[in-house]
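For the sequence shown, my numbering gives the first residue as 206, with consecutive numbering after it.
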Amino acid sequence: MEKRLAIIGINKTFGQKETAVHALNDVSFSLSEQSFTAIVGKSGSGKTTLLNCIGGLETPTSGKVVIGGKDIYTMKDYDRTLYRRRHIGYVFQFFNLLSEMTVFENICVPAWIDNRQPDTDYIRSLIKFLGLEEKADKYPAQLSGGEQQRTAVARALALKPDIILADEPTGNLDKQNGKELINLLIHSHRFYKQSILLVTHDLEIARRAQRIITLEDGCIISDTENNEL
Ligand SMILES: Nc1ncnc2c1ncn2[C@@H]1O[C@H](COP(=O)(O)OP(=O)(O)OP(=O)(O)O)[C@@H](O)[C@H]1O
Ligand SMILES: [Mg+2]
206 MEKRLAIIGI NKTFGQKETA VHALNDVSFS LSEQSFTAIV GKSGSGKTTL LNCIGGLETP
266 TSGKVVIGGK DIYTMKDYDR TLYRRRHIGY VFQFFNLLSE MTVFENICVP AWIDNRQPDT
326 DYIRSLIKFL GLEEKADKYP AQLSGGEQQR TAVARALALK PDIILADEPT GNLDKQNGKE
386 LINLLIHSHR FYKQSILLVT HDLEIARRAQ RIITLEDGCI ISDTENNEL
């Protein structure tokens with residue numbers, strides 16, 4: 206399957222009439238394979254909504270999300286679910302870990318949902334890389350915010366997705382851990398030829414990306430190649 210992703214004229218409106226919020230207004234761009242793009246913008250500018258639309262979690266009011274020549278929102282629900290499971294690794298802004306499962310089990314969940322055997326060697330290597338070895342058998346409530354965040358990143362990488370959507374993955378980490386986490390994402394993106402779409406408000410992190418897209422009030426106000434790399 207061709208993995209180039211095209212977002213075409215996406216609008217997303219929440220609510221109706223006088224209470225309507227236009228979270229995304231005619232957003233279009235495409236991601237080439239194995240690219241690393243940062244999305245920046247103020248709180249409320251539409252970053253999470255955009256990631257949710259691309260990740261098949263939030264149906265746009267209009268517009269298309271096209272991968273491999275197919276609009277995911279004209280697919281049957283089941284096919285869209287498969288697209289999400291097999292091609293997207295999503296790091297949620299608020300983690301969404303399962304509280305009754307350990308760190309190790311949380312990272313296995315994407316494979317279990319897809320009726321596959323988790324690649325436990327790979328999962329152990331992710332756990333090691335993310336410095337979670339001593340936490341593998343702990344539950345989310347026993348972890349710090351940063352440890353939960355790293356678990357959420359490991360879960361997103363567990364099935365080696367084509368596209369990683371990461372919503373503020375360094376938001377709960379100190380500078381050093383944030384840097385290391387980005388290094389891991391970049392390593393994964395190069396090694397497994399993945400594309401990353403990363404939301405951040407940290408310009409230092411955005412500058413590690415090849416391309417920086419800025420959202421304001423649901424519109425792309427700039428889309429630039431990063432010449433500093
Ligand atoms: N389910 C919803 N119902 C109503 N309005 C929503 C909903 N989700 C988001 N919004 C509104 O859409 C706009 C964009 O929200 P979004 O969460 O995408 O912003 P964001 O850029 O991710 O912000 P932050 O940096 O704070 O995470 C905001 O005005 C928000 O209040
Ligand atoms: Mg957000």
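Virtual Cβ for every residue (Gly too), placed ideally from N, Cα, C.
Source: prediction; values computed, not measured.
- Straight-line measurement puts the Cα of F300 at about 17 Å from the Cα of G336.
- Rounded to whole angstroms, the gap between the alpha carbons of E409 and A316 is 33 Å.
- The alpha-carbon separation between A363 and K222 amounts to approximately 42 Å.
- Taking 7 Å as the cut-off, one finds at least one heavy atom of ligand 2 near enough to the beta carbon of T253.
- Relative to ligand 1, Q322 has its C-beta separated by 7 Å or more from all heavy atoms.
- For S349, no alpha helix (DSSP H) run applies, since DSSP gives it neither H nor E.
- The nearest non-hydrogen atom of ligand 2 is 7 Å or more from the C-beta of D407.
- The DSSP-derived three-state label of K269 is strand.
- Burial check for S427: the Cβ neighbour count within 10 Å stays below 16, so the residue is exposed.
- DSSP places I277 outside both helix and strand once states are collapsed to three, so it counts as coil.
- In this structure, the alpha-carbon of E305 lies about 26 Å from that of N382.
- Excluding its 5 nearest sequence neighbours in each direction, T429 has C-beta neighbours in its own chain below 6 Å: I417, listed in chain order.
- Rounded to the nearest angstrom, the gap between the Cα atoms of I213 and C424 is 13 Å.
- Per the DSSP secondary-structure output, E310 pairs with nothing in a beta bridge.
- Among the bridge pairs identified by DSSP, K217 is matched with L229.
- Boundaries of the alpha helix (DSSP H) around F334: 325-334.
- Annotation for G294: no alpha helix (DSSP H) segment contains it, though the beta strand (DSSP E) segment containing it runs 293-296.
- The segment 396-415 and the segment 262-275 do not touch, with fewer than 3 CB-CB distances between them shorter than 8 Å.
- S250 has no beta-bridge partner at all, per DSSP.
- The closest heavy atom of ligand 1 lies 7 Å or more from the beta carbon of G350.
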